[in-house]
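Each residue of the sequence shown is one higher than the one before, starting from 319 at the first, in this note's numbering. Glycine is no exception: its CB is placed at the ideal position from the N, C-alpha and C atoms. Only one structure is covered here, and it is reproduced in the block below.
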Amino acid sequence: ELRCDCRLSWILGKRLPEMTRAACAQPPELKGKFITLLSSKDLWC
């Protein structure tokens with residue numbers, strides 16, 4: 319289960335393969351959103 323919050327902000331600076339299909343499970347408003355589509359405003363604590 320992937321929790322998409324400020325602790326995941328390090329990933330924004332990484333180059334992920336286009337085929338990365340990991341998706342957020344938490345918080346509810348980001349559930350199902352692929353991590354490759356996240357922005358810094360999504361990752362708050």
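The criterion of a C-beta distance shorter than 8 Å is not satisfied by K332 and C342. Rounded to whole angstroms, C322 and K359 show a C-alpha spacing of 11 Å. With contacts defined by Cβ atoms closer than 8 Å, L356 and L330 form a contacting pair. Between T354 and L326, the C-beta gap is not smaller than 8 Å, which leaves the two residues out of contact. Here the alpha carbons of L361 and W328 stand approximately 10 Å from one another.
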